[in-house]
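Residue numbers (the working numbering): 3 to 658. No residue lacks a Cβ here, since even glycine has one placed at the ideal position from N, Cα and C. Only a predicted model underlies this, so the values are computations on that prediction, with no experimental measurement involved.
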């Protein structure tokens with residue numbers, strides 16, 4: 003298991019930071035009652051709102067930022083308004099990413115028009131960092147890197163020692179590390195370390211040392227890596243910083259684990275755990291518990307491993323850390339598998355797959371929300387510009403009408419005709435624009451559906467390959483080793499019988515693994531096409547005894563169908579047959595696929611219980627929704643006919 007690369011936080015003692023905020027907040031509240039300029043009043047309220055948000059006291063934070071927004075409106079100062087929008091985006095960032103992006107982009111669209119304002123420059127630089135973080139949250143690494151580089155460029159232009167520069171460098175290092183581009187990450191490690199040393203900030207120096215060491219270790223330079231690890235560790239102990247003390251042991255433990263030196267890894271994580279507990283940081287504590295539990299699993303101390311993994315899960319449950327839950331499920335699967343509890347391990351694997359699929363859907367939704375927020379922000383900016391333009395046009399028209407009151411009647415009539423023509427032209431353009439927006443939204447929806455389906459099939463293909471080539475090879479290797487071992491051992495009849503039972507269980511595991519891999523991406527579909535794949539699928543269902551299925555194809559035998567279409571049709575038939583088996587209590591089913599010219603028709607019938615087709619409009623089932631989405635993606639038509647106790651017939655027509 004590989005632990006993802008985390009950005010080392012520059013504020014390592016967050017609890018001490020938060021506890022120190024009360025005097026600062028009280029001091030700022032006293033400043034609010036003093037007579038000051040409107041600009042200073044806005045900045046004071048932004049500062050107190052920021053401190054309150056760290057405590058956290060979200061309600062009070064919003065109270066003060068809304069006061070600042072009202073003052074900014076009265077001043078009619080666009081720079082102040084842009085700075086307020088940036089802080090509103092920050093307040094939204096923890097709970098509503100779409101609104102955060104909207105306000106960040108609104109702020110940027112305002113502030114970019116004031117390149118000579120120092121306040122605008124500072125906000126533009128911090129906006130690049132915050133927008134980059136939102137890109138990273140939406141798993142858009144290219145967008146994140148673009149924003150981080152822009153942030154560095156903006157900070158370097160006016161403040162080369164700004165405290166946010168090490169954060170930007172650490173973010174870039176993290177992104178390249180996750181992409182496996184260690185050589186590129188190394189270059190930014192050198193810049194980050196030099197910048198941190200020149201600034202003299204202890205937190206950023208320790209962070210740079212840890213990041214530098216991790217990248218060097220990945221580049222097979224352990225001696226140089228240990229040099230930077232030692233520097234970071236020495237500084238952490240000299241400053242009595244438990245976060246970085248623990249981080250040192252965790253990092254070394256990670257690499258020992260990757261080298262399969264599990265006993266050494268366990269020792270390092272065991273040292274890290276009591277230290278990280280001193281920080282009261284639940285995420286890091288849960289993560290450390292999880293690693294200790296996994297190490298115990300690989301040193302065959304399964305009961306201890308379960309206890310530590312349970313502790314990690316309990317913290318994740320209380321704090322709603324869904325990624326920690328996912329990792330705990332995978333680690334329990336590995337532990338139970340290592341312990342030989344295969345049935346229990348499969349239960350944990352099922353739990354992992356459920357939560358992992360959920361996270362993928364959330365990530366996809368985040369990316370779509372990000373794009374939508376950007377579109378909405380640009381649209382709102384365009385609307386504001388249009389309103390300003392319309393207002394100016396209206397003012398000029400009024401002036402012109404006052405002048406034209408003294409002109410001849412004929413000229414007035416001509417002007418009226420011109421106004422009518424302009425109005426008709428405006429309405430026509432407006433209508434065309436609305437139609438274009440509707441077309442773009444439909445295209446965007448189809449594009450999103452295509453991306454989801456292709457992503458799903460790519461992931462199925464990857465998982466199937468990993469299972470077949472990775473796990474399948476390992477199981478076959480184990481079987482070969484056991485057979486070789488059997489020839490070299492003298493066993494009692496009882497032991498020989500137990501050995502044969504184990505070999506049978508291993509054969510069953512290999513068959514089950516191959517069946518799962520085949521269901522994820524049928525090999526026949528890739529090699530021989532849709533007709534053969536559907537025929538094999540129906541034969542497999544027949545042989546399983548679950549449901550007698552008759553398969554017929556017309557005009558499909560020698561046809562080559564584009565792979566995306568073929569996969570989609572295969573999944574539709576697969577889902578319909580699964581529904582017949584699970585819900586219809588059918589005794590027989592028929593699958594008929596016909597190709598004539600560019601038309602492809604699919605008919606699936608069963609003699610099951612049937613249902614009221616009107617209920618489909620109210621159905622929230624994932625399976626039926628998947629069928630409808632796939633048919634819509636192929637721009638086909640779907641006809642469902644069913645009556646209770648008379649079976650069900652589903653007819654689909656596609657143009658390919």
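Residue environment, residue 177, which counts as buried when at least 16 other CB atoms sit within 10 Å: buried
Boundaries (first-last residue) of the alpha helix (DSSP H) holding residue 249: Start and end: 244–260.
Spatial distance of residue 217 from residue 157 (CA atoms): 25 angstroms
Span of the alpha helix (DSSP H), counted from its first residue to its last, around residue 641: Counting along the chain, residue 641 falls outside any alpha helix (DSSP H), though it belongs to the beta strand (DSSP E) covering 639–644.
Rounded distance between the beta-carbons of residue 291 and residue 317, thought under 8 angstroms: 7 angstroms
Under the three-state DSSP convention, the category residue 598 falls into: strand
Proximal residues to residue 74 (C-beta, below 7 angstroms), its chain only, five neighbours per side dropped: Answer for residue 74: 44, 82, 83, 86, listed in chain order.
Exposure of residue 102, with buried meaning 16 or more beta-carbon neighbours within 10 Å: buried
Same chain, Cβ closer than 7 angstroms to residue 655, neighbours up to 5 away in sequence not counted: 601, 603, 638, 639
C-beta atoms of residue 95 and residue 136 nearer than 8 angstroms: yes
Where residue 646 falls, given that 16 or more other Cβ within 10 Å makes a residue buried: exposed
For residue 13, the three-state DSSP class (helix, strand or coil): Bear in mind that a pLDDT of 37 at residue 13, under 50, signals an unreliable position, so the number given afterwards is only what the model happens to contain. Of the three classes helix, strand and coil, the one that applies to residue 13 here is coil, per DSSP.
Distance, residue 212 Cα to residue 175 Cα: Residue 175 and residue 212 have their C-alpha atoms roughly 11 angstroms apart.
Residue 171 and residue 155 closer than 8 angstroms at C-beta: In this structure, residue 155 does not lie closer than 8 angstroms to residue 171 by Cβ.
For residue 608, three-class secondary structure by DSSP: Correct three-state label for residue 608: strand.
Residues that residue 650 bridges to, as DSSP identifies them: 608, 644
Simplified DSSP assignment, three categories, for residue 593: strand
Bridge partners - residue 636, DSSP secondary structure assignment: The partner list for residue 636 (beta bridge, DSSP) is empty, contrary to what the question assumes.
Local conformation of residue 553 per DSSP, three classes: strand
Other residues of its chain near residue 339: CB distance less than 6 angstroms, five sequence neighbours each side excluded: 347
Cβ-based neighbour list, residue 3, same chain, cut-off 6 angstroms, excluding 5 preceding and 5 following: Bear in mind that the predicted position of residue 3 carries a pLDDT of just 35, short of 50, making it unreliable; the figure below should be weighed with that in mind. Exclusion of the five residues before and after residue 3 leaves no residue of its chain whose Cβ lies closer than 6 angstroms to its Cβ.
Residues near residue 160 by beta carbon distance below 8 angstroms, same chain, minus five either side: 120, 123, 124, 127
Residue 89 burial status per 10 Å Cβ neighbour count (16 or more: buried): By the neighbour-count rule (16 or more Cβ atoms within 10 Å), residue 89 is buried.
At least three beta-carbon pairs within less than 8 angstroms, the region 217–226 to the region 198–206: no
Contact set for residue 351: own chain, Cβ-Cβ below 7 angstroms, skip 5 residues either direction: 335
Length of the line joining the Cα atoms of residue 215 and residue 252: Each residue's alpha carbon lies about 13 angstroms from the other.
Sufficient close CB pairs (3 or more, under 8 angstroms) joining the region 272–286 to the region 234–253: yes
CA-to-CA distance, residue 245 to residue 295, given in whole angstroms: Across the structure, residue 295 and residue 245 are spaced so that their CA atoms are roughly 20 angstroms apart.
Ordered list of beta strand (DSSP E) runs contained in the region 266–334, each at least 3 residues: none
Candidates 431, 537, 197, 541, of which the one nearest residue 164 by Cα: 197
Separation of residue 52 from residue 78, as counted between CA atoms: 23 angstroms
Under 8 angstroms between C-beta atoms of residue 501 and residue 507: no
Beta-ladder partner(s) of residue 603, from DSSP: 596, 655
Helix, strand or coil at residue 38 [DSSP, three-state]: coil
Buried or exposed (CB count within 10 angstroms, at least 16 for buried), residue 326: buried
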